[in-house]
Amino acid sequence: MFSDNKKPRVMTELGGQPNRIEKNTRIKGDIVSEADFRIDGKLDGNVKTSGKVVIGIDGYIHGKVECVNADIEGNFNGELIVSDLLSLKSSAVIEGTVTVSKLAVEPGATFNAACTMKGKEGKSSINTPTKHSVTSNEPAKAS
Numbered sequence: 001m002f003s004d005n006k007k008p009r010v011m012t013e014l015g016g017q018p019n020r021i022e023k024n025t026r027i028k029g030d031i032v033s034e035a036d037f038r039i040d041g042k043l044d045g046n047v048k049t050s051g052k053v054v055i056g057i058d059g060y061i062h063g064k065v066e067c068v069n070a071d072i073e074g075n076f077n078g079e080l081i082v083s084d085l086l087s088l089k090s091s092a093v094i095e096g097t098v099t100v101s102k103l104a105v106e107p108g109a110t111f112n113a114a115c116t117m118k119g120k121e122g123k124s125s126i127n128t129p130t131k132h133s134v135t136s137n138e139p140a141k142a143s
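Here's what the structure looks like:
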């Protein structure tokens with residue numbers, strides 16, 4: 001179908017359709033992707049992506065997830081490493097360990113995890129639960 005000087009087009013945009021694991025689908029194994037990933041089924045394994053991971057309300061992951069951003073409505077059990085924003089919806093159930101830069105939790109979410117928050121340089125900015133209040137341009141200091 002292709003002549004010698006023509007090659008098929010390859011979609012290289014990361015902003016295309018996300019990868020999906022649909023409801024009523026179970027997968028055992030590891031997933032590596034450069035695009036966003038949505039899980040509405042069950043995954044027993046690891047996910048590593050340079051995009052966003054979304055766990056739908058019926059979704060479940062047991063394993064390790066490494067991503068830039070994550071939106072969770074369903075269930076997660078394992079190690080979650082999010083380099084930017086983790087957003088937990090009210091129906092989310094999280095268990096395990098979480099490393100994140102920014103965290104948003106809706107009322108009603110279940111968050112039973114050891115959580116470490118990283119600063120911009122990748123250094124731990126909070127080692128123990130503390131409250132921070134910033135009223136000027138000075139950085140917050142743990143008490």
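For what it's worth, full-length UniProt numbering labels the leading residue of the sequence shown as 1, then goes sequentially. Yeah, the Cβ is synthetic: ideal placement off N, Cα and C, and Gly gets one too. Note that the coordinates shown come from a computational prediction; the quantities given were computed from them, not determined experimentally.
When the Cα atoms are used, what is the spatial distance from LEU88 to LYS102?
11 angstroms
3 or more residues per run - each beta strand (DSSP E) lying fully within the segment 3 to 86
19 to 21, 26 to 28, 31 to 33, 37 to 39, 42 to 44, 47 to 49, 52 to 55, 60 to 67, 69 to 72
Would you decide whether LYS40 is buried or exposed? Buried here means 16 or more other CB atoms lie within 10 Å of its CB.
The question names Lys, but residue 40 is Asp in the sequence shown. ASP40 comes out buried.
Given this structure, state the Cα-to-Cα distance separating THR49 from LYS28, to the nearest angstrom.
17 angstroms
Helix or strand or just coil, what does DSSP make of GLY119?
DSSP places GLY119 in coil when its eight states are reduced to three.
Quick check on DSSP: helix, strand or coil for LYS89?
coil
Residue of GLY96, PRO18, VAL65 minimising C-alpha distance to ASP36
PRO18
Among CYS115, ARG26, ARG20, nearest to GLU79 - alpha-carbon criterion:
When only C-alpha atoms are compared, the closest one is CYS115.
Could you name the residues of the same chain whose beta carbon sits closer than 8 angstroms to that of GLU34, not counting the 5 residues immediately before and after it, in chain order?
LEU14, THR49, SER50, GLY51
Verify whether the separation of the beta carbon atoms of THR99 and ILE81 is less than 7 angstroms.
Closer than 7 angstroms, so yes.
Exposed or buried, ILE31, counting other C-beta atoms within 10 Å across all chains shown (16 or more means buried)?
buried
Would you mind working out which of VAL54, SER83, ASN46 sits nearest VAL68, comparing C-alpha positions?
SER83
Buried or exposed (CB count within 10 angstroms, at least 16 for buried), GLY56:
buried
Going by CA-CA distance only, name the one from ASN46, GLU106, LYS23 that's closest to SER90.
Just measuring C-alpha positions, the residue of ASN46, GLU106, LYS23 sitting nearest SER90 is GLU106.
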